[in-house]
Amino acid sequence: MSAETTAGPTAMLASANDRFLSACRREPVDATPIWLMRQAGRYMPAYRALRERYDILEIIRTPELALEVTLQPMRAFDLDAAIIFADILTLLPGMGLELSFARGEGPVIHNPPRRRADIDALADAPIEESVGFTLEAIRLARGALDGRRPLIGFSGAPFTLACYALEGGSSRHYTHAKGLLFDDPVAWDTLMRRMAERVGRYLLAQAEAGAQALQIFDSWAGALSPSDYRAHALPYTRRAIEIARAAGVPILHFGTGTAGILSDIATSGADVVSVDWAIDLDRAWSQLGDLAVQGNLDPVVLLGDWPAVQARADDVLARAAGRTGHIFNLGHGVLPATPMDNVRRLVEHVHQATSRV
Ligand code: CP3
5 MSAETTAGPT
15 AMLASANDRF
25 LSACRREPVD
35 ATPIWLMRQA
45 GRYMPAYRAL
55 RERYDILEII
65 RTPELALEVT
75 LQPMRAFDLD
85 AAIIFADILT
95 LLPGMGLELS
105 FARGEGPVIH
115 NPPRRRADID
125 ALADAPIEES
135 VGFTLEAIRL
145 ARGALDGRRP
155 LIGFSGAPFT
165 LACYALEGGS
175 SRHYTHAKGL
185 LFDDPVAWDT
195 LMRRMAERVG
205 RYLLAQAEAG
215 AQALQIFDSW
225 AGALSPSDYR
235 AHALPYTRRA
245 IEIARAAGVP
255 ILHFGTGTAG
265 ILSDIATSGA
275 DVVSVDWAID
285 LDRAWSQLGD
295 LAVQGNLDPV
305 VLLGDWPAVQ
315 ARADDVLARA
325 AGRTGHIFNL
335 GHGVLPATPM
345 DNVRRLVEHV
355 HQATSRV
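So the sequence shown is residues 5 to 361, counted in our numbering.
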């Protein structure tokens, strides 16, 4: 193992900061906070080294390994928040759905519920029993981070989880998910109610285990027409957030392709809305009103030369214009081909360019 993977938690994060949580609450900060979706992952040699020995589900289901991967980017970069290492799909096996990750092919659900009888027969195993490993990883990570950086917990949103469940994995056109929604709205509602309760309870359990903020990933929200989104996806996100609200921690909403539904997402109950790069940050913010905003650099920018990265990061910062409540992030996750050095420089640059002390 490299020094990077063996250094203990005390080797990192010399000084504590809670800029990320302050920005979620739209309070003034000493510099704009930055963290990156998929900040732990294949672009890091330390992660790839661990993946040679364990598959992704083994890492997620072993709290000590999930802790190790959570800390890898925190040791390498001056990030303002850690995100627990897990995956949105691990919530599905507790519903009786068999999940595996085929090498190079992404996730597979082996028994997608396609008929109403399948949906009625879905299980609802207790959260502690089905994803207790992630709750334990959260407890370990809080101990290791020792208050120096906040820890984010997360879940998939009901809609995105339903898409994976019904399609049996990733999909281009969501024919099964949309087909159910269009042809059998009652069965769709049954499935989505179950998802919403489960997502809400999972988020709440993560906060109780120590997560200081919660992000709900609705990666495919943009696949629906705005009216279908409002009628058949948003109410269930709202319900999940309502359940998680009891934890009293900031809640972030993430989606892609959301430029046409931002004013709807603004009513989800989330405190922070993450936007992708297909809309200017200032224009997005004007649709979101009184909320904090996260985003929105195109992850592909990070594959290029530093001057181009800096120019585009500066454009995002100029559009945020020093307003309270901006959290710098990408519009979607870090890509595997991203050079580590660009990530390091981006984090430093955002802090330096926005330093208010
Ligand atoms: O942000 C972080 O650092 C935390 C880790 C994290 C993972 N998945 C680990 C992971 C997070 C936040 C997720 C969320 C997730 N998982 C989403 C929502 C965000 C998004 O990207 O839209 C979705 C849709 C998934 C489902 C998923 N997991 C897919 C489609 C895949 C395969 C495709 C891919 O990118 O590899 C995964 C696997 C996965 N989850 C990886 C990681 C680091 C890569 C797999 C590997 O190491 O082999």
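Think of the CB as a built atom: it goes at the ideal place given N, C-alpha and C, for glycine as much as any other residue.
- Contact between residue 172 and residue 110 is ruled out by a C-beta separation of about 11 Å, above the 8 Å threshold.
- The ligand CP3 never approaches residue 81 closely enough for any of its heavy atoms to be under 7 Å from the residue's Cβ.
- Beta-bridge partners assigned by DSSP to residue 105: 111.
- Look at residue 256 here: in three-state DSSP terms it is strand.
- If the five residues before and after residue 278 are omitted, its C-beta is found closer than 7 Å to the C-beta atoms of 256, 257, 258, 298, 299, 333, all from its own chain and listed in chain order.
- Where residue 216 is concerned, there is no enclosing alpha helix (DSSP H), because DSSP gives it neither an H nor an E.
- Rounded to the nearest angstrom, the Cβ distance from residue 185 to residue 222 is 15 Å, too far for a contact under 8 Å.
- Straight-line spacing of the CA atoms in residue 325 and residue 310 works out to 22 Å.
- Assignment of residue 266 by DSSP, reduced to helix, strand and coil, places it in the helix class.
- In this structure, the C-beta of residue 216 stays at least 7 Å away from each heavy atom of the ligand CP3.
- In the three-state reduction of the DSSP assignment, residue 159 falls in the strand class.
- Counted as a single uninterrupted DSSP element, the alpha helix (DSSP H) harbouring residue 248 occupies residues 238–249.
- The C-beta of residue 190 has fewer than 16 other C-beta atoms within 10 Å across all chains shown, which makes the residue exposed.
- Between the alpha carbons of residue 56 and residue 178 lies a distance of about 32 Å.
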